[in-house]
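Take a look at the structure below.
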Amino acid sequence: MTLRIYNTLSREKEPFSTLQPGVVHMYVCGPTVYDKAHVGHAMSALVFDMVRRYLTFKGYRVIHAMNFTDVDDKIINRSHELSEDPFALAERYINEFLQLMQELGVLPATYYPRVSEVIPQIIAMVKGLQEEGFAYEVEGSVYFRVRRFPAYGKLSGRKMEDALSGTRITSSEGKEDINDFALWKAAKPGEPSWASPWGKGRPGWHIECSAMCYYYLGEQIDIHGGGNDLIFPHHENEIAQTEAFTGKLFARYWMHNGMLQLRGEKMSKSVGNLITIDAFLAEHEADVLRMIVLSSHYRKPLAFGEQVIADNERALARLRSALRPGRGQVQSGTAVNALHAQMDATRAGFEAAMDDDFNSAGALGNLFNLVKAINAARDAGVSSEILGTGQDMLRSLAGVLGLRLATSANDHEADAGPFIDLLLSLRQLLRGQKQYALADQLRDDLTRLGVVVEDSAAGSSWRWAA
RNA sequence: GGCGACGUAGCCAAGUGGUAAGGCAAGGGUCUGCAAAACCCCGAUCGCCGGUUCAAAUCCGGCCGUCGCCUCCA
Numbered sequence: 464m465t466l467r468i469y470n471t472l473s474r475e476k477e478p479f480s481t482l483q484p485g486v487v488h489m490y491v492c493g494p495t496v497y498d499k500a501h502v503g504h505a506m507s508a509l510v511f512d513m514v515r516r517y518l519t520f521k522g523y524r525v526i527h528a529m530n531f532t533d534v535d536d537k538i539i540n541r542s543h544e545l546s547e548d549p550f551a552l553a554e555r556y557i558n559e560f561l562q563l564m565q566e567l568g569v570l571p572a573t574y575y576p577r578v579s580e581v582i583p584q585i586i587a588m589v590k591g592l593q594e595e596g597f598a599y600e601v602e603g604s605v606y607f608r609v610r611r612f613p614a615y616g617k618l619s620g621r622k623m624e625d626a627l628s629g630t631r632i633t634s635s636e637g638k639e640d641i642n643d644f645a646l647w648k649a650a651k652p653g654e655p656s657w658a659s660p661w662g663k664g665r666p667g668w669h670i671e672c673s674a675m676c677y678y679y680l681g682e683q684i685d686i687h688g689g690g691n692d693l694i695f696p697h698h699e700n701e702i703a704q705t706e707a708f709t710g711k712l713f714a715r716y717w718m719h720n721g722m723l724q725l726r727g728e729k730m731s732k733s734v735g736n737l738i739t740i741d742a743f744l745a746e747h748e749a750d751v752l753r754m755i756v757l758s759s760h761y762r763k764p765l766a767f768g769e770q771v772i773a774d775n776e777r778a779l780a781r782l783r784s785a786l787r788p789g790r791g792q793v794q795s796g797t798a799v800n801a802l803h804a805q806m807d808a809t810r811a812g813f814e815a816a817m818d819d820d821f822n823s824a825g826a827l828g829n830l831f832n833l834v835k836a837i838n839a840a841r842d843a844g845v846s847s848e849i850l851g852t853g854q855d856m857l858r859s860l861a862g863v864l865g866l867r868l869a870t871s872a873n874d875h876e877a878d879a880g881p882f883i884d885l886l887l888s889l890r891q892l893l894r895g896q897k898q899y900a901l902a903d904q905l906r907d908d909l910t911r912l913g914v915v916v917e918d919s920a921a922g923s924s925w926r927w928a929a
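As structure tokens, this is what we get:
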């Protein structure tokens, strides 16, 4: 089966192939580290984590770079507010971000380049662009000459003339053209700056990604990703810089995730409808957020809110319900055949869905069908061994999506197991003597401690509440 | 104003030509001392209008609505 990916560049799904056989070079735009990351940032990270995991599942080796923008106006402003060194501040938020990614189960990138580490490379690139006439200097700043790059606008579908009709562009800062953008900014007092052929200064916003991508992954890459709010101007400008510099196609596939919405609006600092990742994780499991992201297509806007969180918490519990052991001994027959048939259907359906531009919602639907089949088989008395083959498949496919289905019982809780078993056998004696009031109280008490007790014809069982 | 995306049952959400996956919620049932869990049953003709076609949620056109970008943004 062939993977197809929607390419923002062509606005179509295209068959996926790589520049180098079996290897995917992927660059994803990371955050500007001037504040706590919110669940919208997490969505982007989770989407591309899914992409990466699936590519790996398909047999590719994925070389994945995600940058940190640690030189930026917002960071500088923040450092002045807090009287903290801008690099220390950035370092703090980078470490926090990496920690949160780990908690979310996002696989570490191969490279985490930072702007501050590639200043010489950035200068070399800007200089190269200037020598070729793609850039010019104005009072210590260097701008990209958009008119020298006719393909400008190919990603966003924008025409340069459109900018003129906009009402929000105010000053042109001595630029030749209103569409030109800064590659290098002359230093202002109180800002971090580096020596350059144009005097002291710092990089513009877009050149950093071009430079980091170029030096870490090469002049051409397979996948370039990020939020769809970056299409213009950020990615458009990246294309202009890199392709002007190399004379080659920059990225073959441009992937953009939709925005996470809270109360019908994009979650963003300016709107003030933020939920930080750590605030979310304080109340919910990491995989709940992943379920929310997976339950919708990555390119669509993602509805977020209490209702959605609660729904997905239960959906996750349902996925896990299939992992409970069987109690019967049935080894063959219609129940077993039905399970095997659904396993085949799920394996094929899962891959077909994911091959279609990472349709994770469709893939999840296939997983739920397997859940139903496993549970039905258990109810029909199918043995734990046979149930286990279906459960292994469920675990493995869920793992491709990055879901960890194991409940989070820690060592301390594991130690309690034998004692809970003891209490349950005691309760079984009470039930045998129809001492239901006492038995129910014991069950209620255990529930309060996070232990769910379930009675069935075959006896009682318990598990930690999700 | 320009560019782009979206509009499927109470909510979330797949499905891009042959009469609508899945999850959550609600209702009915099986099981059970009760409860819980699980299982079974139960719901939409796909924003509106027109067109193409033997056949459209799915293609084309128009309209309405929502959202994103055009300034920092995952």
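Numbering (the working numbering), first residue to last: 464 to 929.
Beta carbons are placed, not taken as given, at the ideal position from N, Cα and C, and that holds for glycine.
Reduced DSSP category for residue i - H, G, I as helix; E, B as strand; rest coil
{"i": "residue 465", "result": "coil"}
{"i": "residue 476", "result": "strand"}
{"i": "residue 641", "result": "coil"}
{"i": "residue 606", "result": "strand"}
{"i": "residue 622", "result": "coil"}
{"i": "residue 709", "result": "helix"}
{"i": "residue 495", "result": "strand"}
{"i": "residue 881", "result": "helix"}
{"i": "residue 654", "result": "coil"}
{"i": "residue 733", "result": "coil"}
{"i": "residue 910", "result": "helix"}
{"i": "residue 575", "result": "coil"}
{"i": "residue 669", "result": "coil"}
{"i": "residue 569", "result": "coil"}
Same chain, Cβ closer than 8 Å to residue i, neighbours up to 5 away in sequence not counted
{"i": "residue 671", "result": "530, 532, 534, 578, 581, 585"}
{"i": "residue 753", "result": "509, 567, 568, 864, 865, 866"}
{"i": "residue 630", "result": "Because the pLDDT at residue 630 is just 37, under 50, the model does not fix this residue reliably, and the point stays unresolved."}
{"i": "residue 768", "result": "725, 726"}
{"i": "residue 593", "result": "599, 600, 605"}
Contact belief for residue i with residue j at Cβ below 8 Å, rounded distance in angstroms
{"i": "residue 681", "j": "residue 603", "result": "In fact, because the Cβ distance is near 31 Å, the residues do not count as touching under 8 Å."}
{"i": "residue 914", "j": "residue 927", "result": "6 Å"}
{"i": "residue 718", "j": "residue 576", "result": "That pair is no contact at about 19 Å."}
{"i": "residue 707", "j": "residue 597", "result": "4 Å"}
{"i": "residue 502", "j": "residue 772", "result": "At roughly 10 Å, the Cβ-Cβ gap does not stay under 8 Å, so residue 502 and residue 772 are not in contact."}
Residue i classed as buried or exposed, judged by whether at least 16 other C-beta atoms fall within 10 angstroms
{"i": "residue 699", "result": "buried"}
{"i": "residue 552", "result": "buried"}
{"i": "residue 742", "result": "exposed"}
{"i": "residue 756", "result": "buried"}
{"i": "residue 544", "result": "exposed"}
{"i": "residue 470", "result": "buried"}
{"i": "residue 800", "result": "exposed"}
{"i": "residue 805", "result": "buried"}
{"i": "residue 515", "result": "buried"}
{"i": "residue 500", "result": "buried"}
{"i": "residue 882", "result": "exposed"}
{"i": "residue 468", "result": "buried"}
{"i": "residue 908", "result": "exposed"}
{"i": "residue 495", "result": "buried"}
{"i": "residue 478", "result": "exposed"}
{"i": "residue 485", "result": "exposed"}
{"i": "residue 834", "result": "buried"}
{"i": "residue 919", "result": "exposed"}
{"i": "residue 432", "result": "The structure shown does not extend to residue 432, since the chain is modelled only from 464 to 929, so the question has no answer here."}
N-terminal and C-terminal residue of the alpha helix (DSSP H) that residue i is part of
{"i": "residue 741", "result": "740-746"}
{"i": "residue 514", "result": "502-520"}
{"i": "residue 682", "result": "First-last for residue 682: undefined, no H or E at that position."}
{"i": "residue 536", "result": "536-545"}
{"i": "residue 803", "result": "797-818"}
{"i": "residue 932", "result": "Residue 932 falls outside the range modelled here, since the chain spans only 464 to 929, and no answer is possible."}
{"i": "residue 691", "result": "Unbroken run through residue 691: none, as it is neither H nor E."}
{"i": "residue 839", "result": "823-842"}
{"i": "residue 922", "result": "Looking at the DSSP string, residue 922 is not in any alpha helix (DSSP H); the run it does join, the beta strand (DSSP E), is 922-927."}
Boundaries (first-last residue) of the beta strand (DSSP E) holding residue i
{"i": "residue 723", "result": "723-725"}
{"i": "residue 550", "result": "Unbroken run through residue 550 is the alpha helix (DSSP H), 549-566; no beta strand (DSSP E)."}
{"i": "residue 618", "result": "Note, residue 618: premise wrong, no beta strand (DSSP E); not H, not E."}
{"i": "residue 765", "result": "765-767"}
{"i": "residue 919", "result": "914-919"}
{"i": "residue 762", "result": "Per DSSP, residue 762 belongs to no beta strand (DSSP E) and is neither H nor E."}
Cβ neighbours of residue i in the same chain (closer than 6 Å, five flanking residues each side left out)
{"i": "residue 638", "result": "606"}
{"i": "residue 487", "result": "481, 518, 523, 525, 685"}
{"i": "residue 715", "result": "685"}
{"i": "residue 905", "result": "890"}
{"i": "residue 825", "result": "816"}
{"i": "residue 798", "result": "840, 843, 845"}
Cβ-based neighbour list, residue i, same chain, cut-off 7 Å, excluding 5 preceding and 5 following
{"i": "residue 692", "result": "722"}
{"i": "residue 744", "result": "566"}
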